[in-house]
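Q:
Protein chains: 2
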Amino acid sequence: MNKQFGQARAVDQGFLDRLADQFGDQASFSDAVRERFGKDESYHPSVPPDAVVTVRDTADVSRLLALCNEHRVPVIPYGAGTSLEGSVSALHGGVAVNLQEMKDIIEVHHEDLDVVVQPGVTRRQLNDYLRDSGLFFPVDPGADASIGGMVSTRASGTNAVRYGTVRENVLSLEAVLPDGRVIRTGSRARKSAAGYDLSHLFCGSEGTLGVITEITLRLYGVPEAMSSAVCNFQSLEGAVQTVIQTIQFGVPVARIELLDPVQVDAINRYSKTNYPVEPTLFLEFHGSEASVKEQAETVGAIAEEHGGGEFAWTTNTEERNRLWRARHDAAYACKALRPNGQIWATDVCVPISRLAECIMETRADLDANGLLAPIVGHVGDGNFHLVLLVDHTDESEVERARAVHERMVHRAIDMGGTCTGEHGIGYGKLDFLEREKGGAVDVMWQLKQAIDPNNIMNPGKVIRPR
Amino acid sequence: MNKQFGQARAVDQGFLDRLADQFGDQASFSDAVRERFGKDESYHPSVPPDAVVTVRDTADVSRLLALCNEHRVPVIPYGAGTSLEGSVSALHGGVAVNLQEMKDIIEVHHEDLDVVVQPGVTRRQLNDYLRDSGLFFPVDPGADASIGGMVSTRASGTNAVRYGTVRENVLSLEAVLPDGRVIRTGSRARKSAAGYDLSHLFCGSEGTLGVITEITLRLYGVPEAMSSAVCNFQSLEGAVQTVIQTIQFGVPVARIELLDPVQVDAINRYSKTNYPVEPTLFLEFHGSEASVKEQAETVGAIAEEHGGGEFAWTTNTEERNRLWRARHDAAYACKALRPNGQIWATDVCVPISRLAECIMETRADLDANGLLAPIVGHVGDGNFHLVLLVDHTDESEVERARAVHERMVHRAIDMGGTCTGEHGIGYGKLDFLEREKGGAVDVMWQLKQAIDPNNIMNPGKVIRPR
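So the sequence lines, in the order shown, correspond to chains P and C. Going by our numbering, the first residue of the first sequence is number 1030, and it counts up by one from there. Going by our numbering, the first residue of the second sequence is number 1030, and it counts up by one from there.
Right, here's the structure in full:
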C-alpha cells in the first residue's frame, strides 16, 4: 500500500483470497509482477498494485470489476505501459488489469475502411497485420502503445495534422463499467447523431470511468505515393509561418514536424546526420504521384519566402525512412545528450499563431535556468514537446526544472492553449487541469461520480476528488 | 400545457410573474409567439411553451436557467427552428430560450483558422461574413441552421466526407448548466488530452444538458479550385462501388451525393434539368487546379469500371452552381411531387458496404406499400435521407409510412448502422435510440441526472426518463 498519496484503502486478505479463488493463474501477487505493472515509461516512480489480473475477454473484465466494486478496491487498467504521465501507478493500491492478452484483431472491413480490435493490440501489431491489405492506421505516437491506451489518453502524434488524433478515428467502443455492466458506445456508421457521444467521453478518460474492451477504428488506404522533405530556417518564426501558410493554402500535408536547434544537434550526434543546427521542419506528403510532387513544390515555395534554406524533397523510400527513423529516435538522441540524466517528457498545445512565441519564451527560460531540453513539435497542430534532461540527484536542478515546466504550461494556457496536447493528465498534471478548465473540472467530477460512485476506477488520476 | 405527452408540469402564475419581472420586454407570453417557438421544420406539430425569453448574453441565460431550475420549469433552447425531429417542441411546457439575438461573430483568427461565435449566428451569416477573408466554414446541412443548433444536433451535410461533421469542427464551447453555472469545455488548441471531452458530450445533446452560449469552430482556406461532376449509373451498386473505391483510393472528394431515380425525376421536374432517370452521383472536388483535374479524372475512370455513364466534369462556376442549386432544392422538388403531401424527412447511416442493400430493400418496401419517397444521400458517409410524402388525412397511408420507416431504421441498425446520421433523436426517435444503444442509454440518463438533476433541460427529448 502506498500511503504517501493519501486516501490509501486497505485491500484486505479476504478480497485477495476471493481474487485468487476466482481468477486462479490469471491473478498474480508477486513483488516482481506488481512492481512491473506499477510503472510506465514516464519519470514517475513505480507504485505497485496489490495484485495483477491478466484478463482474456470482456467477461473476465466484467466479473473482475464487479468484484472490485463490491469490495471498493481500486482498478487500474494496464495496456502497454507507455504512458508519460504515470497513468498506471497504483496510487491507492488495488488491482492492475493486464490487458496484454486481449490482443485479437477481430474484424477488418475493407470496404468500410474500419477495424475492430481488442484493447491490447498495439499500433505496430495492427499495421503489421494490415500490411498486405492496402490499408493502414495512421495514428502514431512514436511508442508502440496499445490501442486501448491510445484511446484512453486521446493519443496522437506525427500524422495528426492530416489524419486526426485517436479521437477523430474512434468509431465505437465496448466498455465495462465499474459495476460490471458492458456497454457499446457507437456503431460502425461513419457518423451518428444518436444520443450522447459516449465514445468521446471514454476517449481521453484515462481509465477513470471503466475499462475499454473493444475498439472500432477508422482505417485509410495506403497512399499511392509519399514524399518527404527537410528544410532548415534562419528563424523559428520563419519555420512557423511556413507551417501556417501551408495549412491556410490547404496543402494536405501528412506530417510537419518542427525541431529546434538543440534537438537537431542531438539528432546529428545520435543518428550521424549533418543537418544544419537551426530550426528545422521535417515534412511528409501523401497522395498521387502528381499530388505529392505538387505539394512539395508548393511548400518549398512558401518556405523560400520565409527564409528557408535548401528544400530537399524525395520520394526515395530509403531516404524517407532514414529521415523518419531519425525523427523517431529523437527521444533516444535526447537521452544520449546526457546519459546520466533522467528524461522528463511533457507536452503542451497552443493556437499556432502563438507557437513561435511560446517556444521562444520557453527556450529563454530554459537557458536562464541552465537546463538542457530539446524541443520537438507536431507543429501543424500547435503541439510541442519539451524533453527535460534532469539530474534527479540535484535538488536545485529538479526544482528549476519543475518551475520552468510550470511556467511553460501556464504560458500555454494563457495563450489559449492546453496543458497537454497528447500525453494526458495522469497524476502529473492535476493542478494544471484545474487551472485550464476551472469549473468544468467540477462537471467532470460529477460525471465521474455518476458512473463510478465508489471511485474505484484509476483513483487519483485526471481529476482531484471534490 | 400539453397533457398528451404526460408528466406535464404546471407552470404557476408566481413563476410567470417572476419571469415577467426579471426579463421585462425580453419575455413574451402571447399565443402567436409561443406557437411560433413551439414549431420547427419537421412534421411534428407545434407544442408551444408557456413563455419565450429572448436572451442577449450569457448572463441572461445563466439567470434564466437558475430561475427555471429553482421553480423546476422546463427550458427549451431555440436557435433557427430548423430541427427535423421536433427538438423545440415544449412537450412539458416551460420556457423557450430564443437565442436569435445572440448572433455576434466574436473573433476570427486567420492564422489559427478558427472563429468564435454566439449560438444564434447562422451558417450563411458566418460564411457571408468570411467571404473576403479567404476562409470558410464547410459544414452545410442545407437549411440555414444556427451554429448553436448545429452543434446541439451534431449536424453535418454534403461536405462531411471531406471536412467532417460539426463534431470534428468544434474546438470549444461555453455552456450554461441548469443551475446557472457557466463552463468552458475546451480551448483554442487544435487538440488536447486534458480531461474529459465535455465539448463532445454537449455536441449532440440536443439541449438536454444546458444551453450553449459560445462556440469556437475550425475554419478552412477556400480552395484554389473547385470542380464538379455528375454521373449516372445503370445500377445502384455501381454508384456505391464507385464511392467505395474513390474513398479507398484516398481521393479527397469534397462532396459525393447519391440520388435515386425517384429523386432525379423530382429534380428534373422542379429544376428543369434533364438528368437521366437513373441512380446518379453529384460530386465536387476541392484543391489546386491540377489536383481537382486529377481527382475528377481518377473518379471518372473508377465510375467507368462500374457502369457509369458519361462523366461530365467542370470547373465553370455557373455550371457548378446550377448543379448544387438543384441538389439544395431537392427538398422542394420532393414537395412539388405531391403538393398536398406532408414531408416526413428522416435519415439513417450505415457502413458503406451495406448502403446499396439498405437503400434497395427500403425502396422495395416503399414500392410494396405504395408510398412516394425520393432517396438522397451523403453517400461518402453511408448516410441517406428518406423523404416520405404522406397524405396525413389518410390514416392507412400514415400507418404504412410509419411501418416502412420503422423497418428502415431497424434495418440500418441491424446492418451495424445508426438510427440517425445527422438529424438527431428529438422525440421522434426515442425508441430507436433504445434499440440501437441498449444499456448505453441508461448511462446517458445517469449523465443527464448528474448535470440536470431536476430534468429541466428540454425534457422528453433524446432519452426516456428511467
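We put the CB at the ideal spot given by N, CA and C, even for glycine.
I'd like to know whether the C-beta atoms of P/T1087 and P/Q1055 end up nearer to each other than 8 Å.
A: Here residue 1087 of chain P corresponds to residue number 58 of the first sequence, with the count starting at 1. Here residue 1055 of chain P corresponds to residue number 26 of the first sequence, with the count starting at 1. Their beta carbons are not under 8 Å apart, which means P/T1087 does not touch P/Q1055 by this criterion.
Q: Specify, as a first and last residue, the run of the alpha helix (DSSP H) that P/E1390 falls within.
A: Taking the first residue of the first sequence as position 1, residue 1390 of chain P is located at position 361. Segment 1384–1397, the alpha helix (DSSP H) holding P/E1390.
Q: Round the Cβ separation of P/A1222 and C/E1451 to the nearest angstrom and send it over; I've been treating them as touching at under 8 Å.
A: One-based indexing of the first sequence puts residue 1222 of chain P at position 193. One-based indexing of the second sequence puts residue 1451 of chain C at position 422. Yes, they are in contact, since the Cβ atoms of P/A1222 and C/E1451 sit about 5 Å apart, within 8 Å.
Q: Where does C/Y1107 sit, in a helix, a strand or coil, going by DSSP?
A: Working through the second sequence from its first residue, we reach residue 1107 of chain C at position 78. The answer is strand: DSSP assigns C/Y1107 an E or B state.
Q: If you compare alpha carbons, which of C/P1305, C/V1190, C/A1360 is closest to C/V1280?
A: What you label residue 1280 of chain C is simply residue 251 of the second sequence in a count that begins at 1. Selected option, being the one with the closest Cα: C/V1190.
Q: Quick check: what's the CA-CA separation for C/W1342 versus C/A1325?
A: Residue numbering aside, residue 1342 of chain C sits at position 313 when the second sequence is read from its first letter. Residue numbering aside, residue 1325 of chain C sits at position 296 when the second sequence is read from its first letter. Near 7 Å, if we compare the C-alpha coordinates of C/A1325 and C/W1342.
Q: List the residues that DSSP assigns as beta-bridge partners of C/W1342.
A: Start at 1 with the first residue of the second sequence, and residue 1342 of chain C comes out as number 313. C/W1342 pairs with C/A1258.
Q: Among P/Y1107, P/G1043, P/C1097, P/S1071, whose alpha-carbon lies nearest the alpha-carbon of P/V1062?
A: Along the first sequence, one-based indexing puts residue 1062 of chain P at 33. Among P/Y1107, P/G1043, P/C1097, P/S1071, the Cα nearest to that of P/V1062 belongs to P/Y1107.
Q: Scan the region 1428–1458 of chain C for residues whose Cβ lies nearer than 9 Å to a Cβ of chain P and list them as they occur along the chain.
A: Cβ contacts with chain P: A1441, I1442, M1444, G1445, G1446, T1447, C1448, T1449, G1450, E1451, H1452, G1453, I1454, K1458.
Q: What is the rounded straight-line gap between the Cα of P/Q1042 and the Cα of C/D1041?
A: Stepping through the first sequence from its first residue, residue 1042 of chain P is reached at position 13. Stepping through the second sequence from its first residue, residue 1041 of chain C is reached at position 12. Between P/Q1042 and C/D1041, the C-alpha separation is close to 58 Å.
Q: Using a beta-carbon distance cut-off of less than 8 Å, what residues from the region 1268–1292 of chain C approach chain P?
A: So the list reads I1273, I1276, Q1277, F1278, G1279, P1281, given in the order they occur along the chain.
Q: To the nearest whole angstrom, what separates the beta carbons of C/L1113 and C/F1165, a pair I think is in contact under 8 Å?
A: Stepping through the second sequence from its first residue, residue 1113 of chain C is reached at position 84. Stepping through the second sequence from its first residue, residue 1165 of chain C is reached at position 136. Going by Cβ atoms, the distance from C/L1113 to C/F1165 rounds to 24 Å, so no, they are not a contact pair.
Q: Classify C/K977: buried if its beta carbon has 16 or more other beta carbons within 10 angstroms, exposed otherwise.
A: This structure leaves residue 977 of chain C out entirely; chain C is present only between 1030 and 1495.
Q: My assumption, with CB atoms under 8 Å, is that P/A1204 sits in contact with P/T1214. Please give the rounded CB distance.
A: As a working note, residue 1204 of chain P is residue 175 in the first sequence. As a working note, residue 1214 of chain P is residue 185 in the first sequence. Confirmed, Cβ separation roughly 7 Å.
Q: Helix, strand or coil: which one does DSSP assign to P/L1045?
A: Taking the first sequence and counting its residues from 1, the one referred to as residue 1045 of chain P is at position 16. The answer is helix: DSSP assigns P/L1045 an H, G or I state.
Q: Hey, does P/P1252 have any beta-carbon neighbour from chain C nearer than 8 Å?
A: Within the first sequence, residue 1252 of chain P is the residue found at index 223, counting from 1. Chain C contact via Cβ: present.
Q: Taking a cut of 7 Å between CB atoms, which residues from the region 1358–1390 of chain C lie near chain P?
A: So the list reads C1378, V1379, P1380, I1381, S1382, given in the order they occur along the chain.
Q: Could you pull the start and end residues of the alpha helix (DSSP H) that C/N1534 belongs to?
A: As displayed, chain C neither begins before 1030 nor continues past 1495, which places residue 1534 of chain C out of reach and without an answer.
Q: Threshold first: 4 residues or longer. Then list the alpha helix (DSSP H) segments lying entirely within the region 1230–1316 of chain C, N to C.
A: Runs found: 1265–1277, 1290–1300.
Q: Cβ closer than 9 Å: which chain C residues qualify as neighbours of P/R1247?
A: On the first sequence, position 218 is the one that residue 1247 of chain P refers to. Residues of chain C passing the Cβ test: none, with the nearest at roughly 11 Å.
Q: Under 7 Å between beta-carbons, which chain C residues line up against P/G1186? List them in chain order, please.
A: As a working note, residue 1186 of chain P is residue 157 in the first sequence. Residues of chain C passing the Cβ test: none, with the nearest at roughly 11 Å.
Q: The region 1058–1069 of chain P: which residues have C-beta closer than 8 Å to a C-beta of chain C, in chain order?
A: Listed in sequence order: no entries.
Q: Write down every uninterrupted run of the alpha helix (DSSP H) in the region 1159–1210 of chain P whose length is 4 residues or greater and which is fully enclosed by it, in chain order.
A: As far as the region 1159–1210 of chain P is concerned, its whole alpha helix (DSSP H) runs of at least 4 residues are 1176–1182, 1189–1192, 1195–1198.
Q: Would you say C/A1172 lies against chain P (beta-carbon separation less than 8 Å)?
A: Residue numbering aside, residue 1172 of chain C sits at position 143 when the second sequence is read from its first letter. Chain P, which has no Cβ nearer than 8 Å to the Cβ of C/A1172, makes this no.
Q: Within 10 angstroms of its Cβ, does C/Y1225 collect 16 or more other Cβ (buried), or is it exposed?
A: Counting from 1 along the second sequence, the entry for residue 1225 of chain C is found at position 196. Burial call: buried.
Q: Just tell me which of C/G1123, C/H1139, C/V1146 has its CA closest to the CA of C/D1133.
A: Counting from 1 along the second sequence, the entry for residue 1133 of chain C is found at position 104. Nearest of C/G1123, C/H1139, C/V1146 to C/D1133, Cα basis: C/V1146.
Q: Can you pull the chain P residues whose beta carbon is under 9 Å from the beta carbon of C/M1473, in chain order?
A: Within the second sequence, numbered from 1, the residue matching residue 1473 of chain C stands at position 444. The contacting residues are G1224, Y1225, L1227.
Q: State the beta-bridge partners of P/W1474 as determined by DSSP.
A: In the first sequence, residue 1474 of chain P corresponds to position 445, counting from 1. Answer is none; P/W1474 lacks a bridge partner.
Q: In whole angstroms, what separates the C-alpha of C/E1497 from that of P/V1150?
A: Past the edges of chain C, shown from 1030 to 1495, lies residue 1497 of chain C, and the structure says nothing about it.
Q: Tell me, to the nearest whole angstrom, how far the beta carbon of C/A1287 is from that of C/P1308; I am working on the premise that it is less than 8 Å.
A: Along the second sequence, read from residue 1 onward, the residue named residue 1287 of chain C stands at position 258. Along the second sequence, read from residue 1 onward, the residue named residue 1308 of chain C stands at position 279. According to the sequence as given, residue 1287 of chain C is Leu; it is not Ala. That pair is a contact at about 7 Å.
Q: Which chain C residues are close to P/D1141, counting only those with a beta carbon under 9 Å from its beta carbon?
A: Here residue 1141 of chain P refers to the residue found at position 112 of the first sequence. Per Cβ cutoff of 9 Å: I1273, P1380, I1381, S1382, R1383, G1411, G1445.
Q: Counting only Cβ pairs nearer than 9 Å, list the residues of chain P close to C/Q1478.
A: Your numbering for residue 1478 of chain C matches position 449 in the second sequence. The contacting residues are A1479.
Q: What are the residues in the region 1300–1333 of chain P lying within 8 Å of chain C by C-beta distance?
A: Against chain C - using a Cβ distance shorter than 8 Å - the residues of the region 1300–1333 of chain P are H1315, G1316, S1317, A1319, S1320, E1323, T1327.
Q: Answer yes or no: do P/I1454 and P/K1477 have a C-beta to C-beta separation smaller than 8 Å?
A: Position 425 of the first sequence, counting from 1, holds the residue named residue 1454 of chain P. Position 448 of the first sequence, counting from 1, holds the residue named residue 1477 of chain P. No, Cβ-Cβ distance for P/I1454 and P/K1477 is not below 8 Å.
Q: So, for C/A1172: in the same chain, excluding its five sequence neighbours on each side, which residues have a beta-carbon less than 6 Å away from its beta-carbon?
A: Here residue 1172 of chain C refers to the residue found at position 143 of the second sequence. If we look at C/A1172 and ignore the five residues flanking it on each side, its Cβ neighbours are T1111.
Q: With distances taken Cα to Cα, identify the nearest neighbour of P/V1259 among P/A1365, P/E1318, P/T1271.
A: Indexing the first sequence from 1 puts residue 1259 of chain P at position 230. Of P/A1365, P/E1318, P/T1271, the residue nearest in Cα terms is P/T1271.
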